[in-house]
Structure formats: structure tokens, C-alpha cells
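S.K.:
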Amino acid sequence: MCDDSSCRPLRKDAERNRKRVLEAARDLFASKGLEPNLNDVAHHAGVGVGTVYRRFASKEELLEAIFEDGINQLADLAESALCQPDPWQGLVWYVEQMCEITATDRGLREIAFSKSYGGDRVTAAQERLVPVQKKLVERARIDGRLRPELSSTDLPLLALLAGTVSEFAGHVDAELWRRYVAILLDGMRDRSDRSPLPVAALDDDGIEAAMQSWEPAGPRCDRG
Numbered sequence: 005m006c007d008d009s010s011c012r013p014l015r016k017d018a019e020r021n022r023k024r025v026l027e028a029a030r031d032l033f034a035s036k037g038l039e040p041n042l043n044d045v046a047h048h049a050g051v052g053v054g055t056v057y058r059r060f061a062s063k064e065e066l067l068e069a070i071f072e073d074g075i076n077q078l079a080d081l082a083e084s085a086l087c088q089p090d091p092w093q094g095l096v097w098y099v100e101q102m103c104e105i106t107a108t109d110r111g112l113r114e115i116a117f118s119k120s121y122g123g124d125r126v127t128a129a130q131e132r133l134v135p136v137q138k139k140l141v142e143r144a145r146i147d148g149r150l151r152p153e154l155s156s157t158d159l160p161l162l163a164l165l166a167g168t169v170s171e172f173a174g175h176v177d178a179e180l181w182r183r184y185v186a187i188l189l190d191g192m193r194d195r196s197d198r199s200p201l202p203v204a205a206l207d208d209d210g211i212e213a214a215m216q217s218w219e220p221a222g223p224r225c226d227r228g
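For the sequence shown, the working numbering assigns the number 5 to the initial residue and increments by one for each residue that follows.
(1) Residues in its own chain within less than 6 Å of G111 by CB, not counting five upstream and five downstream?
(2) Would you kindly work out how many angstroms separate the C-alpha atoms of D124 and L42, rounded to a whole number?
(3) Starting from Q88, trace the alpha helix (DSSP H) in both directions and tell me its first and last residue.
(4) Return the chain-ordered list of same chain residues with a C-beta closer than 7 Å to the C-beta of G167, the five sequence neighbours on each side being excluded.
(5) Within this structure, are the beta carbons of V136 and L86 separated by less than 8 Å?
(6) Assess contact between the segment 206 to 218 and the segment 144 to 161, defined as three or more Cβ pairs (one per stretch) separated by less than 8 Å. Is contact present?
(7) With a threshold of 7 Å (Cβ to nearest heavy atom), would E65 be considered close to the ligand GDP?
(8) Quick check: what's the CA-CA separation for V141 versus S170?
(9) Using a Cβ-Cβ cut-off of 6 Å (strictly less than) and excluding sequence neighbours within five positions of V56, which residues of its own chain qualify?
(10) What is the rounded straight-line gap between the Cα of V99 and the Cα of W181?
(11) Might you give, ordered along the chain, the residues of its own chain that have their beta carbon closer than 7 Å to the beta carbon of G148, omitting 5 neighbours on each side?
(12) When DSSP builds the beta bridges, which residues end up paired with L150?
(13) Exposed or buried, F60, counting other C-beta atoms within 10 Å across all chains shown (16 or more means buried)?
(14) Going straight from the alpha carbon of A79 to that of R183, what length do you get?
(15) State buried or exposed for S217, treating a residue as buried only when at least 16 other CB atoms are found within 10 Å of its CB.
(16) For A49, which residues from the same chain have a beta carbon less than 6 Å from its beta carbon, with the 5 sequence-adjacent residues on both sides left out?
(17) At the level of alpha carbons, what is the spacing between Q130 and E64?
(18) Report the residue from G94, S118, G52 whose alpha carbon sits nearest the alpha carbon of G210.
(19) Contact defined as beta carbons within less than 8 Å: I believe E83 pairs with V126. What is the distance between those atoms, to the nearest angstrom?
(20) To the nearest angstrom, how far is the alpha carbon of P40 from that of I75?
(21) Alpha carbon to alpha carbon, what distance is there between I146 and R20?
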């Protein structure tokens with residue numbers, strides 16, 4: 005057995021490798037979405053795949069380590085928006101912040117709005133986010149400036165739309181998604197000459213069904 009002094013460098017090296025894997029995985033998932041596997045992460049990190057598996061037994065475990073905080077960050081932003089005195093401006097600020105984060109992080113966008121990835125910790129973060137978004141929308145609706153047929157279930161779809169713009173043209177103009185978020189926000193305002201929406205928003209069961217079946221990156225996580 006080694007004594008404390010001889011073990012300590014190994015522990016530091018192991019922690020350094022763990023951080024290296026996490027940084028590589030964040031970068032890879034942000035640009036490629038959730039499709040890359042642990043072999044891809046190891047290659048991107050410049051370490052052996054055995055190093056990745058020693059730190060994370062499955063892709064799901066790695067996703068939880070990366071994205072639990074990301075989804076909780078969205079919930080923190082929504083709670084901050086609730087504290088703003090103007091309900092409409094609070095909602096606008098949250099939508100802009102949500103889209104800014106998710107437009108440039110494909111992996112976070114995919115895991116935040118899907119039930120096909122992650123485990124209990126990711127699910128708990130998603131469940132924390134949903135009711136806060138409901139409060140934001142309801143508050144703006146009561147205030148009278150949000151068109152009445154808008155639902156909190158529309159918010160993740162706005163983020164997906166902004167993300168699609170970023171994927172399509174982000175290499176040409178990294179800020180282009182902001183133009184379309186502004187157009188969408190303008191369409192969310194209540195006004196007398198608004199056009200009727202042709203289709204109703206998804207209800208809670210509908211958005212849950214969509215999240216359960218949406219697998220944008222292909223096969224579900226490997227669990228071993």
C-alpha cells in the first residue's frame with residue numbers, strides 16, 4: 005500500500021483527468037449535440053477510453069455531471085425573472101436569456117427539452133424548471149401584455165427555434181438568432197389586431213409526450 009504522500013499525486017492526476025474529460029465533453033456536446041459516445045469524448049479529450057470509464061461508468065452519468073447545472077441555471081434565471089417588477093419585461097428577459105444559453109449549446113438544448121437522455125438528477129432539474137416557467141407566463145398574461153392563448157409549453161419550442169437558426173447560420177452570424185427571437189417576442193404581445201393562432205399550444209400531456217419521444221441525436225444513451 006502507498007502512504008498518503010505517495011497517493012496524493014495520483015489523486016491529483018485523477019482529478020485533472022476528470023476535469024479534462026468534462027471540459028472535452030462540454031465542448032463536444034455543445035457543438036455536436038448528444039450523439040457523441042464515450043469513445044468520441046475520450047478522443048476529443050486526448051485520453052484513453054479507459055480513463056473516461058473510470059470517471060464515468062456510462063454516458064448517462066457523464067451527461068448528468070455536465071447538464072444538471074445547466075438546466076438548474078435556466079431555473080435560476082426563471083426565478084430571477086419572477087422577481088422583476090414588470091411581468092412582461094421579466095418574461096422577455098427570461099426568453100432572451102434562455103435562448104442565448106441554448107442557442108450556442110446544442111447539447112443543453114437537446115437534454116433540457118427531451119426525456120430521452122439523462123437520469124434522476126436531470127429529471128429533477130427539468131421538474132424544477134417547468135413550474136417556474138408556468139408562473140412567468142401566467143403573470144405576464146394576467147398583466148395583459150401577453151396574448152392570452154400563449155402557454156408555458158411554447159417556451160421550449162422558442163428555444164428550439166432559436167437553436168435551429170444558430171445551427172443553420174451561426175457560422176455566418178453568431179448573433180442572428182437574436183433577430184428571430186425579437187420577431188417571436190413581438191408576436192407574443194397582446195394587441196387588438198392580432199391574428200388568431202391556427203393551432204393550440206401543446207398541453208402538459210402533449211409536451212411531455214413530445215419530450216419522451218424526441219431523440220434529436222439518434223439512439224438513446226449507452227448505459228454501460
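Ideal Cβ positions, reconstructed from N, Cα and C, are used throughout, including at glycine.
Quick caveat, the model's predicted, so the values are computed rather than measured.
M.R.: This is what the structure holds:
(1) On the sequence shown, position 107 is the one that residue 111 refers to. Here the set comprises F33, A34, G37, L38.
(2) Within the sequence shown, numbered from 1, the residue matching residue 124 stands at position 120. Within the sequence shown, numbered from 1, the residue matching residue 42 stands at position 38. Taking the straight line joining both Cα atoms gives about 20 Å.
(3) What you label residue 88 is simply residue 84 of the sequence shown in a count that begins at 1. Secondary structure note for Q88: it is in no alpha helix (DSSP H), with a DSSP letter that is neither H nor E.
(4) What you label residue 167 is simply residue 163 of the sequence shown in a count that begins at 1. Answer for G167: T106, A107, R110, R113, listed in chain order.
(5) Residue mapping note: residue 136 aligns to position 132 of the sequence shown, counting from 1. Residue mapping note: residue 86 aligns to position 82 of the sequence shown, counting from 1. Contact: yes.
(6) Yes, since at least three Cβ pairs between the segment 206 to 218 and the segment 144 to 161 fall closer than 8 Å, the two stretches touch.
(7) Among the components modelled here there is no ligand, and therefore nothing to report on the ligand GDP.
(8) Here residue 141 refers to the residue found at position 137 when the sequence shown is read from its first residue. Here residue 170 refers to the residue found at position 166 when the sequence shown is read from its first residue. CA-CA distance, V141 to S170, rounds to 25 Å.
(9) Within the sequence shown, the letter at position 52 stands for residue 56. By the criterion of a C-beta distance shorter than 6 Å, V56 is surrounded in its chain by V25, L42, V45, A46, once the five residues flanking it on both sides are discounted.
(10) For the purposes of this step, residue 99 is taken as residue 95 along the sequence shown, with counting starting at 1. For the purposes of this step, residue 181 is taken as residue 177 along the sequence shown, with counting starting at 1. Distance between the alpha carbons of V99 and W181: 12 Å.
(11) Against the sequence shown, residue 148 aligns to sequence position 144. The beta carbon of G148 sits closer than 7 Å to the beta carbons of D194 from its chain, once the five residues preceding and following it are set aside; these are given in chain order.
(12) Locating residue 150 in the sequence shown gives position 146, where the first residue counts as 1. For L150, which the question treats as bridged, DSSP gives the partners R193.
(13) In the sequence shown, counting from the first residue as 1, residue 60 sits at position 56. Under this definition F60 is a buried residue.
(14) Counting from one through the sequence shown, the residue named residue 79 turns up at place 75. Counting from one through the sequence shown, the residue named residue 183 turns up at place 179. C-alpha separation (whole angstroms): 24 Å.
(15) Start at 1 with the first residue of the sequence shown, and residue 217 comes out as number 213. By the neighbour-count rule (16 or more Cβ atoms within 10 Å), S217 is not buried but exposed.
(16) To locate residue 49, count along the sequence shown from 1; it is residue 45. Excluding positions up to five away in sequence, the list reads R24, V25, A28.
(17) Numbered from its first residue, the sequence shown carries residue 130 at position 126. Numbered from its first residue, the sequence shown carries residue 64 at position 60. Approximately 15 Å, taken between the alpha carbons.
(18) For the purposes of this step, residue 210 is identified with residue 206 of the sequence shown, where counting begins at 1. Closest by alpha carbon: S118.
(19) Counting from 1 along the sequence shown, the entry for residue 83 is found at position 79. Counting from 1 along the sequence shown, the entry for residue 126 is found at position 122. Going by Cβ atoms, the distance from E83 to V126 rounds to 19 Å, so no, they are not a contact pair.
(20) Your numbering for residue 40 matches position 36 in the sequence shown. Your numbering for residue 75 matches position 71 in the sequence shown. Roughly 20 Å separates the two Cα atoms.
(21) Position 16 of the sequence shown, counted from the first residue, corresponds to residue 20. Position 142 of the sequence shown, counted from the first residue, corresponds to residue 146. Taking the straight line joining both Cα atoms gives about 51 Å.
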